[in-house]
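Colleague: Numbering (our numbering), first residue to last: 81 to 596.
1) Near residue 102, which residues of its chain fall below 8 angstroms by C-beta distance, leaving aside the five closest residues on each side in sequence?
2) Could you say which of 234, 188 and 239 lies nearest to residue 224 if we only look at CA atoms?
3) Is the Cβ-Cβ distance between residue 313 and residue 352 less than 9 angstroms?
4) When the distance is taken between beta carbons, is residue 471 closer than 9 angstroms to residue 544?
5) By how many angstroms is the C-alpha of residue 509 removed from the C-alpha of residue 437?
6) Quick one: which unbroken alpha helix (DSSP H) runs of 4-plus residues sit fully inside the stretch 255–326? Chain order, please.
7) In this structure, how does DSSP classify residue 113 when only helix, strand and coil are distinguished?
8) Who are the Cβ neighbours of residue 292 in its own chain at under 8 angstroms, not counting the five residues just before and after it?
9) To the nearest angstrom, how far is the alpha carbon of residue 104 from that of residue 367?
10) Closest to residue 361 by CA distance: which of 440, 343 and 347 is it?
11) Using 10 angstroms around the beta-carbon of residue 449, count the other beta-carbons present and answer buried if the total reaches 16, otherwise exposed.
12) Answer yes or no: do residue 358 and residue 440 have a C-beta to C-beta separation smaller than 9 angstroms?
13) Mind checking whether residue 386 and residue 136 have CB atoms under 9 angstroms apart?
14) Closest to residue 143 by C-alpha separation, out of 131, 270, 583 and 182, would be which residue?
15) Can you tell which of 380, 469 and 464 has its C-alpha closest to the C-alpha of residue 444?
16) DSSP on residue 205, reduced to helix/strand/coil?
17) Using CA coordinates, which residue listed in 272, 410 and 570 is at the minimum distance from residue 589?
18) Would you mind sorting residue 258 into buried or exposed? The rule is 16 or more other CB atoms within 10 Å of its CB.
19) Assuming residue 543 is part of the beta strand (DSSP E), what are its boundary residues?
20) Can residue 446 and residue 423 be called in contact, C-beta distance under 9 angstroms?
21) Look at the alpha carbon of residue 515 and the alpha carbon of residue 228, and state the distance between them as a whole number of angstroms.
22) Take the Cβ of residue 116 as the centre, count every other Cβ of all protein chains shown within 10 Å, and call the residue buried at 16 or more, exposed below.
23) Quick one: grab the DSSP three-state call for residue 594.
24) Taking all protein chains shown into account, do 16 or more other C-beta atoms lie within 10 angstroms of the C-beta of residue 576, making it buried, or fewer, making it exposed?
25) Per the DSSP calculation, residue 404 is bridged to which residue(s)?
26) Within 8 angstroms, do at least three Cβ pairs link the stretch 144–152 to the stretch 203–212?
27) Anyone know if the C-beta pair for residue 602 and residue 129 falls short of 9 angstroms?
28) How many angstroms separate the CA atom of residue 23 from the CA atom of residue 486?
29) Could you say if the stretch 243–263 and the stretch 215–224 meet the contact criterion of at least three C-beta pairs nearer than 8 angstroms?
30) With a 10 Å radius around its C-beta and 16 neighbouring C-beta atoms as the bar for buried, classify residue 581 as buried or exposed.
31) What does the alpha-carbon distance come out to for the pair residue 415 and residue 499?
32) Please specify which runs of the beta strand (DSSP E), each continuous and at least 3 residues long, are wholly inside the stretch 457–486, giving them in chain order.
33) State whether the stretch 454–468 contacts the stretch 525–533, with contact taken as three or more CB pairs (one from each stretch) at a distance under 8 angstroms.
34) Below 9 angstroms between beta carbons: does that hold for residue 583 and residue 407?
35) Using DSSP with H/G/I as helix, E/B as strand and the rest coil, what is residue 104?
36) From residue 578 to residue 261, what distance separates their C-alpha atoms?
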């Protein structure tokens with residue numbers, strides 16, 4: 081080989097090496113919001129949506145369409161809990177499928193703690209990806225070793241910081257998050273930025289979907305979002321959407337530290353794995369992209385690579401899920417804004433278990449009604465998929481009236497939640513034409529066979545979620561109503577045992593709550 085040819089070849093090799101070093105991989109984020117343990121596709125009209133077999137195909141398709149990019153698959157909040165398959169395996173079935181699907185991270189949300197802290201740590205060990213939440217720490221000041229503040233890839237020099245919603249503490253039972261505290265978001269993000277820059281990060285994103293961006297000026301979320309946007313070094317943000325009517329996508333904001341890219345997407349559309357999204361990092365903000373990806377059987381074939389694992393999961397829990405508990409001689413009704421036979425049955429069982437005078441349960445806790453025929457353990461789970469525990473306290477008749485009036489504020493107001501109370505041991509009438517907060521007809525209230533005495537004190541039981549202020553029930557704390565007993569048995573266990581004992585069920589009569 082002559083000298084000229086050797087020099088030409090050497091120059092080509094140098095240029096090739098420089099090109100491969102100076103052109104980093106493009107980074108794309110596939111975010112799967114609120115998966116809620118949805119292992120199987122769900123039927124929507126004539127279509128099938130979500131489920132890991134379709135989700136895996138959608139993710140593979142995105143990767144195959146751009147093989148030159150590095151794709152990061154991130155589950156954002158509430159992935160591990162929400163179905164019978166998740167419940168009977170304490171989340172392990174979901175983690176195994178996330179491993180097989182190629183997830184890169186899970187940003188922790190409130191429901192991911194529903195199995196308790198020890199179970200969550202076991203799942204973190206089983207996961208082939210990190211659990212992320214920079215703002216969760218121990219009250220002692222230490223950091224949970226199994227929860228990481230960020231994901232960093234030295235190949236692309238991309239860092240992804242994650243913030244968990246503050247509801248991790250407020251929407252969980254105390255024993256599920258005992259010893260944990262939510263740390264200052266600004267401080268932990270600043271610390272994560274310093275660490276990522278020390279590692280050599282060139283692009284940094286922040287998952288903060290628990291913080292609403294674009295909401296009312298002066299709100300806590302708006303102030304916190306503005307403070308996070310002022311931090312130097314973050315290129316892209318994922319915030320919560322203020323309304324289902326807000327368009328999904330990217331917004332470029334100009335600021336003193338340069339442009340910022342903000343992505344928002346509706347929780348109403350991007351949930352249960354039915355719709356996922358992809359955003360991209362680019363050399364300039366104008367080059368960033370956002371795409372919505374429907375996960376449907378019309379678009380994708382089921383990924384056969386997951387068939388064996390799905391079959392194993394199904395067989396492992398089939399015996400537990402399908403074992404008979406009781407039978408029902410009739411179908412039950414379910415309603416979130418008025419008395420229903422399913423609510424009466426559940427409340428009667430819990431009042432009997434606690435021995436209380438009265439039992440209240442928010443309607444949103446009950447998610448399914450029994451049909452006529454055999455009742456399996458899965459049917460029991462479907463009734464109360466969120467689980468929980470019972471608590472008891474003493475309340476005056478006056479406080480009980482206030483609680484009933486609060487319950488009525490949810491009628492015709494679905495945006496407020498499903499806080500309408502199903503009841504046992506009490507009956508009353510109400511008039512919607514009366515002023516809000518005073519719609520219960522006092523003379524109609526009866527505790528058992530006796531008229532309610534406003535001055536008398538009654539033993540009341542409810543579920544720990546609303547006693548702790550869930551669904552807007554701040555009355556317990558505001559009026560200093562202390563918990564007298566916490567029942568360790570889960571409401572699922574109590575319900576299943578009662579149905580097993582009853583063997584054959586009929587629906588309780590209606591007439592406890594009468595609308596005039």
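For every residue, glycine included, the Cβ atom is placed at its ideal position computed from N, Cα and C.
Being a predicted model, the structure only gives us computed values, none of them experimental.
Modeller: Quick answer:
1) Unreliable positioning characterises residue 102 in this predicted model, as indicated by a pLDDT of 41, which lies under 50. The coordinate reading is nonetheless provided below. Here the set comprises nothing.
2) 188
3) no
4) At a Cβ-Cβ threshold of 9 angstroms, residue 544 and residue 471 count as neighbours.
5) 19 angstroms
6) As far as the stretch 255–326 is concerned, its whole alpha helix (DSSP H) runs of at least 4 residues are 265–279 and 300–309.
7) strand
8) 299, 301, 302, 305, 319, 320, 321 and 322
9) Residue confidence for residue 104 is low, a pLDDT of 49 falling below 50, so the modelled location carries little weight and cannot support an answer.
10) Out of 440, 343 and 347, 343 has the C-alpha closest to the C-alpha of residue 361.
11) Residue 449 should be labelled buried.
12) Result no, Cβ atoms of residue 358 and residue 440 do not sit closer than 9 angstroms.
13) yes
14) 182
15) 464
16) helix
17) 410
18) The C-beta of residue 258 has fewer than 16 other C-beta atoms within 10 Å across all chains shown, which makes the residue exposed.
19) 537–543
20) yes
21) 50 angstroms
22) buried
23) Reduced to three states, the DSSP call for residue 594 is strand.
24) Classification of residue 576: buried, given that the 10 Å Cβ count is 16 or more.
25) 456
26) no
27) Absent from the structure is residue 602, since the part of the chain shown begins at 81 and ends at 596.
28) Outside the shown range of the chain (81 to 596) lies residue 23, about which nothing can therefore be said.
29) yes
30) exposed
31) 12 angstroms
32) 469–476
33) No, the stretch 454–468 does not touch the stretch 525–533.
34) In contact: residue 583 and residue 407 (Cβ atoms closer than 9 angstroms).
35) With a pLDDT of 49 at residue 104, under the threshold of 50, the modelled position of that residue is not reliable, and the figure given next carries that caveat. DSSP places residue 104 in the coil class of the three-state scheme, outside both helix and strand.
36) 36 angstroms
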